[in-house]
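Residue numbers (the UniProt record's numbering): 1 to 527.
Below is one structure; the comments refer to it alone.
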Amino acid sequence: MRRWIISLILITLIMPIVSAQLLEFEPEGKVITLVGAKTTGDFELKNPFTITFTSVTIKDVKILDKNKNEVSGFSISLSPKMFYEWKPEEKRVITYTIVTDKNVAPGEYTLYIFMWGFHDDEMYLIRAYVPLEVKDKPLIFYEAVSYVKERPNSNIVFNGETIIVYSHVANLASEVINATASTCLKDMGGNIVIEKYANLSLFPGDNLVKFELKVPESVPPGNYELTYKISYERGEYVFRKDYIVEFGVSLATISIEKTNVLQGEENYAYVFISSERDIHVNLTVQVHSEDGNAIYKNKTTIKARPGSNLVKIKLPTEYLGENVVNVNLEYDGLKLGSASTWYLVVGYPTLTILTENNQTVLPPTIIINNPNAFQIPATLTYTIRWMNGTIVKEIKEIYLPPGETTVKIPINGYGKFSYEITLTSFGKSTKISGWGEVLPPSETSGREETKPSQTSTTQSTFTFTTKNQTYTTPALTGNNQKTIILLISVMLLVLVGAGIYYYSRKKTRKRKRERPKPKRKSPLGRR
Numbered sequence: 001m002r003r004w005i006i007s008l009i010l011i012t013l014i015m016p017i018v019s020a021q022l023l024e025f026e027p028e029g030k031v032i033t034l035v036g037a038k039t040t041g042d043f044e045l046k047n048p049f050t051i052t053f054t055s056v057t058i059k060d061v062k063i064l065d066k067n068k069n070e071v072s073g074f075s076i077s078l079s080p081k082m083f084y085e086w087k088p089e090e091k092r093v094i095t096y097t098i099v100t101d102k103n104v105a106p107g108e109y110t111l112y113i114f115m116w117g118f119h120d121d122e123m124y125l126i127r128a129y130v131p132l133e134v135k136d137k138p139l140i141f142y143e144a145v146s147y148v149k150e151r152p153n154s155n156i157v158f159n160g161e162t163i164i165v166y167s168h169v170a171n172l173a174s175e176v177i178n179a180t181a182s183t184c185l186k187d188m189g190g191n192i193v194i195e196k197y198a199n200l201s202l203f204p205g206d207n208l209v210k211f212e213l214k215v216p217e218s219v220p221p222g223n224y225e226l227t228y229k230i231s232y233e234r235g236e237y238v239f240r241k242d243y244i245v246e247f248g249v250s251l252a253t254i255s256i257e258k259t260n261v262l263q264g265e266e267n268y269a270y271v272f273i274s275s276e277r278d279i280h281v282n283l284t285v286q287v288h289s290e291d292g293n294a295i296y297k298n299k300t301t302i303k304a305r306p307g308s309n310l311v312k313i314k315l316p317t318e319y320l321g322e323n324v325v326n327v328n329l330e331y332d333g334l335k336l337g338s339a340s341t342w343y344l345v346v347g348y349p350t351l352t353i354l355t356e357n358n359q360t361v362l363p364p365t366i367i368i369n370n371p372n373a374f375q376i377p378a379t380l381t382y383t384i385r386w387m388n389g390t391i392v393k394e395i396k397e398i399y400l401p402p403g404e405t406t407v408k409i410p411i412n413g414y415g416k417f418s419y420e421i422t423l424t425s426f427g428k429s430t431k432i433s434g435w436g437e438v439l440p441p442s443e444t445s446g447r448e449e450t451k452p453s454q455t456s457t458t459q460s461t462f463t464f465t466t467k468n469q470t471y472t473t474p475a476l477t478g479n480n481q482k483t484i485i486l487l488i489s490v491m492l493l494v495l496v497g498a499g500i501y502y503y504s505r506k507k508t509r510k511r512k513r514e515r516p517k518p519k520r521k522s523p524l525g526r527r
């Protein structure tokens, strides 16, 4: 009877276990231990099922090798060992403390956990397989992270901005471990432009190692490599990342308002500066004349703002010929960009009259000077007014070669006259005027200063003389004066005579015809 009761009790205890379902929880994280040391850490288990467990209890743990065979040399404890109200998809944190013998080989193992779970008076057998790694070195280096402090999502760093690099280091040992850390920025030639060092005391558990590198303003734009290193007596960790260094401000382009400008006219250069940040930069503008001499220099500090910045610069237009504009953009000695262009300054021709002893030489001779190195168009106008009312005027479109051109104004007539000569080019006019007197041959003996060129022709010439050519053009003259007056007088006489003749004939035709009166007869019949 006694044996039967004991058997019944055992069957009652075993039946729930036999009828229980077998489930498996999902691990997140891993157990890490050090050969010959005691380590602590944690991992997570997740309930992937749709039921809520009123309680879960850890019943057994084992360490398995790759072949799922249990191995010795480990002593591990988990906390907590009992969980309540473990809901679907919920994760629970389990802390571990593990001691690993010195004879355990480094490598990959598995922590097997066996648990009982209960739901609605039903029992579930739950297991979990957690990765376990045995290390022979006490430090675990986690992947480093690096970014630009001012713009975390960019791999372009501007001069003056800061690069941040950091990583976590886990010390598996139960004592402090000394280490060194360093970071540097190198150009493509391997030259270090900035670097930092630090001595570390890494305590058991997690340690944060962090550096901040401010890129100097003087670093030239280009490609650079960031190197981050942590070293200790049993190993080291190295991390590298490429960055592009830019200043963030550049000279985009330069344009000239007028590539051809008249001397003295206003002209401007427009400099476009592209910027990705707020910063003060220096803009230097230099202008050199055609012979290479510096004729203008201006250095201006400009507040560049994000986007496109336009700078307007007034240019000198006093020096003739092709002027070259050079523009340089700098920041504290660092060259950010340069550009060049040119513009042509065209000079106005000048007009002077040849004199002798402060008196005009007859015929009036003018000298036109074209200061440019190329031919230019012009209009030359002269007007001669004689005292008797005769006016002689001529307008001539000409092309002036470089240098001096001599022009003689024809004077044909006698008596006093005034003259006015106008030269117009590029919309600007220059005038000279004066007076003179041409004496008849009988009166010139004592007045040599007014000797004219004697001629009896009815046409004169308008003569141009340059260093390379001479050409003439017909002009109206003053010798036709008497002939013109005589012709006009004859024409007037003819018109008057014709008028009288026409009038007299018209009057004769209008006179009435009268009948002759009959002779009177005598009453006596006598005549």
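All C-beta atoms, glycine included, are put in the ideal place defined by N, C-alpha and C.
Here the structure is a predicted model, which is why all the values come from computation and not from measurement.
Counted within 10 angstroms of its Cβ, other Cβ atoms place residue i as buried (16 or more) or exposed
{"i": "Met387", "result": "exposed"}
{"i": "Trp435", "result": "exposed"}
{"i": "Pro48", "result": "exposed"}
{"i": "Pro80", "result": "exposed"}
{"i": "Ile409", "result": "buried"}
{"i": "Met115", "result": "buried"}
{"i": "Pro441", "result": "exposed"}
{"i": "Ala269", "result": "buried"}
{"i": "Tyr348", "result": "buried"}
{"i": "Leu380", "result": "buried"}
{"i": "Ile395", "result": "exposed"}
{"i": "Ile192", "result": "exposed"}
{"i": "residue 556", "result": "Lying outside 1 to 527, the shown extent of the chain, residue 556 is not represented and no answer is given."}
{"i": "Asn207", "result": "buried"}
{"i": "Pro88", "result": "exposed"}
{"i": "Ala181", "result": "buried"}
{"i": "Pro216", "result": "exposed"}
{"i": "Ala198", "result": "exposed"}
{"i": "Pro152", "result": "exposed"}
Limits of the unbroken beta strand (DSSP E) element including residue i
{"i": "Ala128", "result": "Glu122 to Lys135"}
{"i": "Ser154", "result": "Unbroken run through Ser154: none, as it is neither H nor E."}
{"i": "Ile368", "result": "Thr365 to Asn370"}
{"i": "Val35", "result": "No beta strand (DSSP E) contains Val35, which DSSP labels as neither H nor E."}
{"i": "Asn171", "result": "Thr162 to Asn171"}
{"i": "Thr300", "result": "Ala294 to Ala304"}
{"i": "Tyr147", "result": "Val145 to Val148"}
{"i": "Leu315", "result": "Gly307 to Leu315"}
{"i": "Leu139", "result": "Leu139 to Phe141"}
Expected contact under 8 Å - CB spacing of residue i and residue j to nearest Å
{"i": "Val219", "j": "Val245", "result": "6 Å"}
{"i": "Gly117", "j": "Val56", "result": "5 Å"}
{"i": "Leu336", "j": "Val281", "result": "7 Å"}
{"i": "Leu202", "j": "Asn171", "result": "5 Å"}
{"i": "Val271", "j": "Ile254", "result": "5 Å"}
{"i": "Ala373", "j": "Gly292", "result": "Going by Cβ atoms, the distance from Ala373 to Gly292 rounds to 15 Å, so no, they are not a contact pair."}
{"i": "Thr405", "j": "Ile368", "result": "5 Å"}
{"i": "Leu139", "j": "Gly235", "result": "7 Å"}
{"i": "Val134", "j": "Thr33", "result": "5 Å"}
Residue i - DSSP class collapsed to helix/strand/coil
{"i": "Pro441", "result": "helix"}
{"i": "Gly497", "result": "In this predicted model, Gly497 has a pLDDT of only 48, less than 50, meaning its place in the structure is not dependable; the value taken from the coordinates is given anyway. Looking at Gly497 - three-state DSSP - the assignment turns out to be helix."}
{"i": "Asn191", "result": "coil"}
{"i": "Leu23", "result": "strand"}
{"i": "Thr175", "result": "Position check: residue 175 holds Glu in this sequence, whereas Thr was assumed. Coil at Glu175, not helix or strand."}
{"i": "Ile51", "result": "coil"}
{"i": "Ser289", "result": "coil"}
{"i": "Val327", "result": "strand"}
{"i": "Glu28", "result": "strand"}
{"i": "Phe417", "result": "strand"}
{"i": "Gly321", "result": "strand"}
{"i": "Asn412", "result": "coil"}
{"i": "Gly427", "result": "coil"}
{"i": "Asp278", "result": "coil"}
{"i": "Thr483", "result": "Interpretation of Thr483 is limited by its pLDDT of 37, a score under 50 that renders its predicted location unreliable; no figure is taken from the coordinates."}
Exercise. Which residue spans inside the stretch 202-274 form an unbroken beta strand (DSSP E) run of at least 3?
Worked result: Whole beta strand (DSSP E) segments, 3+ residues: 205-214, 222-232, 235-246, 249-256 and 260-262.
For this session: List in chain order: all unbroken alpha helix (DSSP H) runs of 4+ residues lying wholly within the stretch 55-123.
Result: none
Problem set entry | Segments of 3+ residues assigned as beta strand (DSSP E) that fall wholly inside the stretch 333-410 | Runs found: 334-346, 350-353, 365-370, 376-386, 391-400 and 403-408.
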